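Under the UniProt record's numbering, the first residue of the sequence shown is numbered 1, with each subsequent residue one higher. Think of the CB as a built atom: it goes at the ideal place given N, C-alpha and C, for glycine as much as any other residue. For clarity, every value in this text was computed on a predicted model and none was experimentally measured. Notes follow the structure.
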Amino acid sequence: MNKILFFAHLRDAVGEEFLCLDASGKTVAQLKAELSEKYDLPRMDTVMTAINEEFASNDEVIQDGDEIAFIPPVSGG
């Protein structure tokens, strides 16, 4: 089982701060695509991903027990 964390507008789109899903064996890109389709998440191509608090690429494979965080780009002024 994996804990999937969402930040900023992604949290609003999902309606939850986190989900617990079985994502083991999937790549980050596969998980992004699955969640984007299920929750109609916007702009997932620009979202940074962290696995166990370390940034991860789209081709990294998720292991059982990993914590995945999706962090959209932040703008401010």
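Residue i beta carbon near the ligand ZN (any heavy atom closer than 7 Å)
{"i": "Met48", "result": "As far as ligands go, the structure on display features none, and thus does not contain the ligand ZN."}
For residue i, the nearest candidate out of the options (CA to CA)
{"i": "Leu21", "options": "Phe7, His9, Asp64, Ala8", "result": "Asp64"}
{"i": "Met1", "options": "Pro72, Ile71, Asp66", "result": "Asp66"}
{"i": "Pro42", "options": "Lys32, Thr49, Ile51, Ala50", "result": "Lys32"}
{"i": "Met44", "options": "Leu19, Phe70, Glu54", "result": "Phe70"}
Residues bridged to residue i [DSSP beta-bridge criterion]
{"i": "Phe70", "result": "Phe6, Thr49"}
{"i": "Leu21", "result": "Asn2"}
{"i": "Ala29", "result": "Per DSSP, none; premise fails for Ala29."}
Any chain C beta carbon closer than 8 Å to residue i
{"i": "Leu41", "result": "Judged by its chain identifiers, the structure shown contains no chain C, having just a single protein chain."}
Neighbourhood of residue i by C-beta, 8 Å cutoff - its chain only, sequence neighbours within 5 removed
{"i": "His9", "result": "Pro42, Pro72"}
Would you call the region 16-30 in contact with the region 40-59, where contact means no fewer than 3 C-beta pairs closer than 8 Å?
yes
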